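Note sheet for the following structure.
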Amino acid sequence: MFAQLVASGLVQGSIYAVIALGMTVLFRSTGVVHFGYGAFFMAGAFAVYVFSQVVGMAFVLAFLAAVAVLVLVGMAFERVLVRPIVHGPHVTVAMMTVAMSYLLTGVARFFWGQEVLRMPPIVDVPPIFVGSIVLTAQDLLIIAGCMALVVAFFLFFARTKLGKLMQAASQVPRGAALVGINVPGFHMAMWGVVAGIAAVAGTLVAPVTMLYPDMGAHLLIKAFAAMTFGGFGNLGGAVLGGLLIGLAEQLAGFYISTALIDIFAYLVIIVVLIVLPNGILGKKEATRV
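Each residue of the sequence shown is one higher than the last, beginning at 287 in this note's numbering.
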């Protein structure tokens, strides 16, 4: 039973991690905490459902179309709603991301209400047995997708010139603009990229969680807890935080009380902010005065 709990916890944690990863990429490249990211995750899942089940496209084409649509939506949100207020107080931008969340959720509710839809699995094969552990192909896809994304973005930010330029544009935007870097263009591109990640995450997770307009809201707080636990802006920290929270939820829910599953993320945020405000992999920032 313990081994099965660990496996289930890692799968659940990978779901948190892949959402936290998109939020971390945006924070690292633009400095914005995207409180509306859960709604983009939901929108990506619904886009795949519409293209595959309503329009009748093949799954691969539906997936690519959903990613493309979400990329355009993310870029449009940045250009129309975020850029005019980006130099204002951080709370203003944060509230705009919350407004985005309500807008996308409202659109989903307009068409589907509170209906729960079933997303067919990406790979329909029998469960896989590893000793006493039972895993589905969807579980393995979630874990593999999470690991592939974190490796890709780690290499992008650490090893590519474009990734380093994006971090420079985030950390010192005025200096980056003075040397000819198109900072607004970089920011718009990253909003599109993370919206595309949301579509990927929604495609991986929807067959497990089912489809409904508020599906992203529940996972958003878990992803935010993962970011807080791992350290804001740290890609590895977001993934590690998500995995640890998923693992701890399953173990605490089984051995202590199932009530802990719903409140564990909130407890993590409270404890980490008090005891370890920079997260387990975060770095302290030195400020000259």
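We put the CB at the ideal spot given by N, CA and C, even for glycine. Quick caveat, the model's predicted, so the values are computed rather than measured.
Practice problem: Drop a sphere of 10 angstroms on the beta-carbon of Leu-559, count the other beta-carbons inside from all chains shown, and report buried for 16 or more, exposed for fewer. | Solution: exposed
Quiz item: Taking C-beta to C-beta, are Met-474 and Arg-365 nearer than 8 Å?
Solution: yes
Self-check item: Collapsed DSSP secondary structure at Leu-421 in the structure displayed
Solution: strand
Quiz item: What residue does the beta strand (DSSP E) around Ile-305 start on, and which one ends it?
Solution: From DSSP, Ile-305 is part of no beta strand (DSSP E) but of the alpha helix (DSSP H) over 288 to 316.
Exercise. Rounded to whole angstroms, what's the CA-CA distance from Ser-300 to Val-557? Just pull it up for me.
Key: 22 Å
Practice problem: For the region 380 to 387 and the region 483 to 501, state whether three or more C-beta atom pairs, one from each stretch, are separated by less than 8 Å. | Solution: no
Quiz prompt | Contacts around Ala-293, its chain only, beta-carbon distance under 7 Å, and the 5 residues preceding and following it disregarded | solution = Ile-419 and Leu-421
Self-check item: Nearest residue (CA-CA) to Val-357, options Tyr-552, Gly-330 and Val-409
Solution: Gly-330
Self-check item: Residue of Gln-400, Leu-427 and Met-405 minimising C-alpha distance to Pro-230
Solution: Lying before the first or after the last residue shown, residue 230 is absent from the chain, which here runs from 287 to 575.
Exercise. Could you give the DSSP three-state label for Thr-573: helix, strand or coil?
Key: In this prediction, Thr-573 scores a pLDDT of 40, lower than 50, which makes its location untrustworthy; no coordinate-derived value is stated.
Quiz item: Which residue from Thr-391, Val-359 and Gly-317 puts its Cα closest to that of His-376?
Solution: Gly-317
Quiz item: Does the count of Cβ pairs from the region 483 to 493 and the region 340 to 360 closer than 8 Å reach three?
Solution: yes
Quiz item: Should Ala-380 and Val-479 be called a contact, given that it needs their Cβ atoms to be closer than 8 Å?
Solution: no
Quiz prompt | Anticipated Cβ contact below 8 Å, Gly-527 with Phe-515, distance rounded | solution = 4 Å
Self-check item: With 16 other Cβ atoms within 10 Å as the buried cut-off, status of Arg-314
Solution: buried
Quiz item: Could you give the distance in angstroms between the alpha-carbon of Val-311 and the alpha-carbon of Leu-530?
Solution: 20 Å
Exercise. Out of Ala-511, Thr-544, Val-525 and Glu-535, point me to the one whose CA is closest to Pro-563's CA.
Key: Ala-511
Exercise. Within 10 angstroms of the Cβ of Gly-565, are there 16 or more other Cβ atoms? Answer buried if so, exposed if not.
Key: buried
Quiz item: Under the DSSP definition of a beta bridge, which residues are partnered with Leu-403?
Solution: Leu-497
Quiz item: Taking the C-alpha atoms as reference points, what is the distance between Thr-573 and Gly-342?
Solution: Low local confidence applies: a pLDDT of 40 at Thr-573 is under 50, so the model's placement there is unreliable, with the coordinate-based value given in what follows. So the alpha carbons of these two residues sit roughly 55 Å apart.
Quiz item: Does the beta-carbon distance from Leu-403 to Phe-326 come in below 8 Å?
Solution: no
Practice problem: Compute the Euclidean distance between the alpha carbons of Gly-308 and Ala-481, then round it to the nearest angstrom. | Solution: 8 Å
Quiz item: Thinking C-alpha only, which one of Leu-435, Val-368, Gln-298 and Ala-303 is nearest Ala-524?
Solution: Ala-303
Exercise. Go through its chain and collect everything with a Cβ distance to Phe-345's Cβ below 6 Å, but skip five positions before and after it.
Key: Ser-338
Self-check item: Cutoff 6 Å; reference Ile-507; Cβ partners in own chain excluding five residues on either side
Solution: Ala-551
Quiz item: Does the beta-carbon of Ala-438 have 16 or more other beta-carbons within 10 angstroms, so that it is buried, or is it exposed?
Solution: exposed
Quiz item: Is the distance from the Cβ of Ile-537 to the Cβ of Ile-429 below 8 Å?
Solution: Strictly speaking, residue 537 in this sequence is Leu, with Ile absent from that position. Going by C-beta atoms, Leu-537 is not nearer than 8 Å to Ile-429.
Quiz item: Do you know whose CA, among Asp-548, Phe-540 and Val-561, lies nearest Leu-291's CA?
Solution: Phe-540
Exercise. Would you check if the distance between the CB atom of Leu-505 and the CB atom of Phe-440 is smaller than 8 Å?
Key: no
Quiz prompt | Rounded straight-line distance, which links the Cα of Val-336 to that of Met-405 | solution = 10 Å
Exercise. Specify the secondary structure class of Val-416 as computed by DSSP and reduced to three states.
Key: strand
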